[in-house]
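There are 2 protein chains.
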Amino acid sequence: MTVTASESRDAIGPGEISSEELVVWRMLQRAQVRITRLLETDLLVEHDLALASYDVLTQLSEAPERRLRMNDLAERVLLSRSGLTRLIDRLQRDGLVQREACASDARGLFAVLTDAGALRLAEATPTYLRGIRTRFLDVLDADELRQCAAMLTKLFPDAAER
Amino acid sequence: MTVTASESRDAIGPGEISSEELVVWRMLQRAQVRITRLLETDLLVEHDLALASYDVLTQLSEAPERRLRMNDLAERVLLSRSGLTRLIDRLQRDGLVQREACASDARGLFAVLTDAGALRLAEATPTYLRGIRTRFLDVLDADELRQCAAMLTKLFPDAAER
DNA sequence: CTTAGAACGTTGCATGCGCATCTACATAGC
DNA sequence: GCTATGTAGATGCGCATGCAACGTTCTAAG
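Protein chains in written order, with the UniProt record's numbering: chain R, 1 to 162; chain A, 1 to 162.
This is the structure we're talking about:
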């Protein structure tokens, strides 16, 4: 195939990707990983709480009766079922969560937020929010935030606000 | 402090965060994790290559003489030094990379991309690009992509295109 | 009722990662 | 030169996670 001058450099066919586009993706990756790590170390240092644990506590606190089925919870925090089993083990050992049987399905279990868990969450939340604000929200203006939300809604099929 | 009706619901003080803002952050987290996992399984299934390995090969391929100091490389792929040591162990075992001494600093090592590594990277790249395109780029229009790039530049202090 | 298949949660196992530590080398101060 | 401090990379260890397999229970088909 002969290549004309205009095609030779950043030739973009129908399925091609320009280097600018690629850079956007890479920056997104890096920014996200970095912010997440900062957030996690904040929580770890100030409250000895991993980000995944914080997520679990948050999900439970927002759920009706502060309880969620293991399976449901696993999906919400983006963990495999086995991963969630171990995480709930740890949280239960620390008294932040407890397991309860499900009346309507003997196979199922609820993870239930304890009062201690709710307290711990309340203590950690200012740290979490401050981290997000300083590392993410403060950097963007209202317009950008709206654009960001719009893009995410497109990217995110089941956006149901989880 | 007395709370008026207008403040009672989503009262936003100077350091507060509205629930909309919080949702944006959560969606970003979720979208990023999900896309990354899809990308990783694509590479794993089609080329038996982990995303971290792909990143290393890419960084090396773009570096002068296809080589980078371990430390430098670790920073670029967002891995700890020890993490990179093990990853390079594996890649070297598979013949995709090799270690070479550094003439100017006897402590240092270069990770060098081998021909086999370059070939493997070339094979895997279409999968990677296709994944990014279908899961990310195709969903956004040119305007949104520009907005996204602008935001990331603000979020990303050392944006130097890495 | 019985049986086949699916779904829920747990467990064994392997893997990949970070932290703390170690050794070898480099650099600065004397 | 010699010592003290710092840096590059490797190693021991612990931890969190996913996959595959398992037991238990639910559901559908006959």
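Backbone N, C-alpha and C fix where the C-beta goes; we use that ideal spot for every residue, glycine too.
Residue i at chain A interface by Cβ criterion, 8 angstroms
i                      : result
residue 116 of chain R : no
residue 21 of chain R  : yes
residue 147 of chain R : yes
residue 45 of chain R  : no
residue 155 of chain R : yes
residue 129 of chain R : yes
residue 70 of chain R  : no
residue 123 of chain R : no
residue 78 of chain R  : yes
residue 152 of chain R : yes
residue 81 of chain R  : no
residue 33 of chain R  : yes
residue 133 of chain R : yes
Exposure of residue i, with buried meaning 16 or more beta-carbon neighbours within 10 Å
i                      : result
residue 123 of chain R : exposed
residue 74 of chain R  : buried
residue 76 of chain R  : buried
residue 21 of chain R  : buried
residue 55 of chain A  : buried
residue 104 of chain A : exposed
residue 84 of chain R  : buried
residue 119 of chain A : exposed
residue 143 of chain A : exposed
Test: residue i CB closer than 8 angstroms to a CB of chain R
i                      : result
residue 30 of chain A  : yes
residue 62 of chain A  : no
residue 88 of chain A  : no
residue 24 of chain A  : yes
residue 110 of chain A : no
residue 56 of chain A  : no
residue 10 of chain A  : In this predicted model, residue 10 of chain A has a pLDDT of only 49, less than 50, meaning its place in the structure is not dependable; the value taken from the coordinates is given anyway. Taking Cβ atoms only, chain R never reaches closer than 8 angstroms to residue 10 of chain A, which makes this a no.
residue 65 of chain A  : no
residue 144 of chain A : yes
residue 139 of chain A : yes
Same chain, Cβ closer than 8 angstroms to residue i, neighbours up to 5 away in sequence not counted
i                      : result
residue 127 of chain A : 42, 43, 46, 47
residue 102 of chain R : 69, 108, 109, 110
residue 148 of chain A : 140
residue 90 of chain A  : 53
Check: residue i C-beta below 7 angstroms from any heavy atom of the ligand HEM
i                     : result
residue 85 of chain A : With respect to the ligand HEM, the structure offers nothing, as it holds no ligand at all.
Cβ-based neighbour list, residue i, same chain, cut-off 6 angstroms, excluding 5 preceding and 5 following
i                      : result
residue 57 of chain A  : 117, 121
residue 131 of chain A : 39, 42
residue 100 of chain A : 110, 112
Spatial neighbours of residue i in its chain, beta-carbon cut-off 7 angstroms, leaving aside the 5 residues before and after
i                     : result
residue 59 of chain R : 68, 73, 76, 77
residue 98 of chain A : 92, 112, 114
residue 61 of chain R : 113, 118, 121
residue 96 of chain A : 57, 114, 116, 117, 120
Integer Cβ distance of residue i from residue j, believed to fall under 8 angstroms
i                     : j                      : result
residue 17 of chain R : residue 51 of chain A  : Actually they are not in contact, since the Cβ atoms of residue 17 of chain R and residue 51 of chain A sit about 17 angstroms apart, beyond 8 angstroms.
residue 81 of chain R : residue 71 of chain R  : 7 angstroms
residue 35 of chain A : residue 135 of chain A : 5 angstroms
residue 24 of chain A : residue 129 of chain R : Going by Cβ atoms, the distance from residue 24 of chain A to residue 129 of chain R rounds to 13 angstroms, so no, they are not a contact pair.
Are the region 142-159 of chain A and the region 18-37 of chain R in contact at 8 angstroms, needing three or more beta carbon pairs?
These segments touch.
Do the region 107-127 of chain A and the region 59-73 of chain A meet, that is, are 3 or more Cβ pairs less than 8 angstroms apart?
At 8 angstroms Cβ cutoff, the stretches touch.
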